[in-house]
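Residue numbers (UniProt numbering): 1 to 304.
What follows is one structure encoded as structure tokens, with my remarks underneath.
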Amino acid sequence: MDTLVNLQTFVAVAETGSFSEAARRAGLAPSVIAKRIDQLEWRIRAPLFIRSTRKLTLTDVGERYLPELRHLVRQMDDTLNGMARADGELEGHIRVKIPTTLGVLYLGDLLNRFLQEQPRISMEVVLADRSVNPMEEGFDLAIGARPESYGQVQDLPLSPIRRYLCAAPAYLARRGWPDSPADLLAHDCLVLATTGTRWELQGPQGLVGVEVRPKLRSNDGMALHAAARAGQGIALLADYLVEPDLRSGDLQEVLPDMRLPGLWLKALVPVNRIDLPRIQALLLWLRQQLGETPPWTRPTAAGA
């Protein structure tokens with residue numbers, strides 16, 4: 001049992017990046033965490049971490065065996081949870097990655113309500129605006145809208161995402177309305193860093209690409225949303241950010257006859273996790289709460 005606890009500690013330290021954070025999450029003293037790592041290193045006769053005053057990094061041995069040990073620890077946790085389950089209620093831990101803006105506005109609340117309905121399930125939620133391979137990074141489920149797919153990971157659609165070109169009435173009154181995609185070249189544009197400066201629009205003549213000039217570039221959709229509302233320029237933003245503003249008139253759609261290629265919010269789930277009852281329950285919950293008409297597109301949605 002000591003070896004299992006030590007392996008669990010190694011995985012926790014590797015994922016948090018520090019003894020102190022792993023200790024805080026486990027409710028233990030950092031010295032206990034350090035002792036467990038020392039015991040494991042003594043057992044395998046090799047160091048797992050390079051320790052310095054500035055940071056903690058994995059050795060080659062630690063990096064090589066982390067994915068395998070993470071899988072082993074999670075399998076053991078699942079087995080023990082299954083053996084302990086007496087009344088059929090779902091239990092266990094779920095590690096989830098969600099996009100930052102969508103997580104703050106909607107998904108965080110959905111996950112909290114799921115936990116209220118499943119009191120024996122615990123969850124770690126990581127907010128990140130990048131593509132994540134959940135198999136390699138130890139997630140049970142990664143939610144995102146980027147096109148990347150990975151081996152041994154299933155892509156499961158959750159909800160459509162529509163994107164809009166939009167601007168504040170004050171900006172359009174000051175700078176005029178663009179009549180074609182080419183007119184965007186003469187406008188101040190608010191650009192999401194992960195999307196880039198090339199905007200592609202679908203019109204009657206097919207797909208048109210425009211290399212826009214950024215007035216503001218940010219990796220945060222909420223910052224661009226605030227700038228658009230303040231009249232700083234034309235933004236390309238997802239419906240979960242701008243639907244309430246389009247309904248109220250605080251933002252207006254630009255080039256409404258053109259369409260931006262749609263996206264799908266999807267869940268990426270490792271094939272070795274997808275059959276777990278708690279993962280299936282979470283996927284079902286997300287599909288029920290999102291679906292073809294997600295909450296941000298409903299008239300009663302509380303937008304930010």
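Glycine residues also receive a C-beta, built at the ideal position from the N, C-alpha and C atoms.
Cutoff 6 Å; reference residue i; Cβ partners in own chain excluding five residues on either side
i: G233; result: D188, C189, L190 and K215
i: Q39; result: N6
i: A46; result: V61
i: V132; result: K97 and A142
C-beta atoms of residue i and residue j nearer than 8 Å
i: R162; j: D239; result: yes
i: L265; j: A128; result: no
i: V242; j: L251; result: yes
i: L28; j: L69; result: no
i: residue 329; j: A226; result: Nothing about residue 329 can be reported from this structure: the residues present for the chain run from 1 to 304 only.
i: L184; j: S218; result: no
i: Q154; j: I279; result: no
i: L58; j: A12; result: no
i: D140; j: I98; result: no
i: L283; j: L156; result: yes
i: L290; j: L111; result: no
i: V208; j: I143; result: no
i: L66; j: Y164; result: no
i: P270; j: M135; result: yes
i: A235; j: L224; result: yes
Chain D within 8 Å of residue i, Cβ atoms only
i: R45; result: Absent here is chain D; the protein component of the structure consists of one chain.
Counterpart residues of residue i in DSSP-defined beta bridges
i: E200; result: G209
i: W264; result: P160
i: S248; result: None; S248 has no bridge partner.
7 Å Cβ shell around residue i - same chain, five flanking residues per side excluded
i: M258; result: P181, L201, Q202 and G203
i: A301; result: Residue placement at A301 is flagged as unreliable, the pLDDT there being 46, under the threshold of 50; the coordinate-derived value follows with that caveat. Here the set comprises E243, P244 and P295.
i: Y106; result: Y240, P295 and W296
i: E89; result: R120
i: F114; result: L282 and W285
heavy atom of the ligand MG below 7 Å from residue i C-beta
i: D60; result: What this structure holds is no ligand at all, so the ligand MG is not there to describe.
Residues near residue i by beta carbon distance below 8 Å, same chain, minus five either side
i: residue 322; result: Residue coverage of the chain in this structure runs from 1 to 304, which leaves residue 322 outside it and unanswerable.
Exercise. Any chance you could list the alpha helix (DSSP H) runs of at least 4 consecutive residues sitting entirely within the segment 10-92, in chain order?
Key: Under the rule that a run must span 4 or more residues, the alpha helix (DSSP H) segments found entirely inside the segment 10-92 read 19-26, 30-44 and 60-84.
Quiz item: What are the start and end residues of each continuous alpha helix (DSSP H) run of 4 or more residues lying completely inside the segment 110-162, in chain order?
Solution: Runs of the alpha helix (DSSP H) inside the segment 110-162: 134-137.
Quiz item: Do the segment 169-176 and the segment 45-54 meet, that is, are 3 or more Cβ pairs less than 8 Å apart?
Solution: Judged by pairs of C-beta atoms under 8 Å, the segment 169-176 does not touch the segment 45-54, as fewer than three such pairs exist.
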